């Protein structure tokens with residue numbers, strides 16, 4: 002994934018690139034999470050750290066891909082992505098991944114279908130959109 006950084010006014014592209022584009026979520030301290038347009042991989046990039054690349058086939062059920070085009074940070078420890086059996090699916094499984102290793106932590110269990118649109122806000126919450134309804138979600142506290 003190409004690297005880049007913010008200079009206070011706009012993002013600047015630095016070097017490299019892939020033959021296909023990526024969808025990108027931005028986290029704290031300039032961490033980028035990129036998703037291949039075809040859903041085949043995720044990449045975590047941060048200046049001064051080794052890139053972390055995770056192939057869909059290594060962490061998802063066979064033949065599944067990342068979909069939804071809005072990977073992003075729920076908070077500093079977790080990334081939210083959507084996965085499905087095909088790139089153009091209208092429904093998918095929302096997954097929480099470790100923000101450093103990109104390994105699955107849990108599937109999100111919604112009380113109703115959530116579609117493939119999920120927008121992490123970075124404050125511990127995320128939005129889902131289904132038809133004309135937007136819902137805001139959070140992870141239940143571990144504290145009783």
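Numbering (the working numbering), first residue to last: 2 to 145. Positions of the beta carbon are idealized from the N, C-alpha and C atoms, including for glycine. This structure is a prediction, so every number in the text was calculated from the model and none was measured.
Same chain only: Cβ atoms within 6 Å of residue i, ignoring 5 sequence neighbours per side
i           : result
residue 135 : 128
residue 32  : 47
residue 80  : 34, 74, 98, 100
Proximity below 8 Å, CB of residue i to CB of residue j
i           : j          : result
residue 117 : residue 85 : yes
residue 125 : residue 28 : no
residue 68  : residue 90 : yes
Nearest to residue i (by Cα), restricted to the options the options
i           : options          : result
residue 120 : 72, 68, 91       : 72
residue 92  : 53, 132, 30, 137 : 132
residue 114 : 130, 106, 104    : 130
residue 45  : 63, 82, 103      : 103
residue 148 : 52, 82, 94       : With the chain running from 2 to 145 in the structure shown, residue 148 is simply not present.
Residues of its chain near residue i, where Cβ-Cβ distance is below 8 Å and the 5 sequence neighbours each way are ignored
i          : result
residue 49 : none
residue 21 : At residue 21, the pLDDT of 46 sits below 50, so the modelled position is not reliable and the matter cannot be decided from this model.
residue 30 : 47
Beta-carbon contacts of residue i that lie in its chain and below 7 Å, excluding the five residues immediately before and after
i           : result
residue 41  : 56, 57, 66
residue 139 : 125, 126
residue 107 : 97
*Can you list the beta strand (DSSP E) stretches of 3 or more residues lying completely in the stretch 107-132, in chain order?*
Taking 3 residues as the shortest admissible run, the stretch 107-132 contains the following complete beta strand (DSSP E) segments, listed from N- to C-terminal end: 119-121, 126-131.
*asked:* Suppose only complete runs of 4+ residues qualify. What are the alpha helix (DSSP H) ranges in the stretch 23-66, listed by chain order?
replied: Complete alpha helix (DSSP H) runs here, min 4: 57-60.
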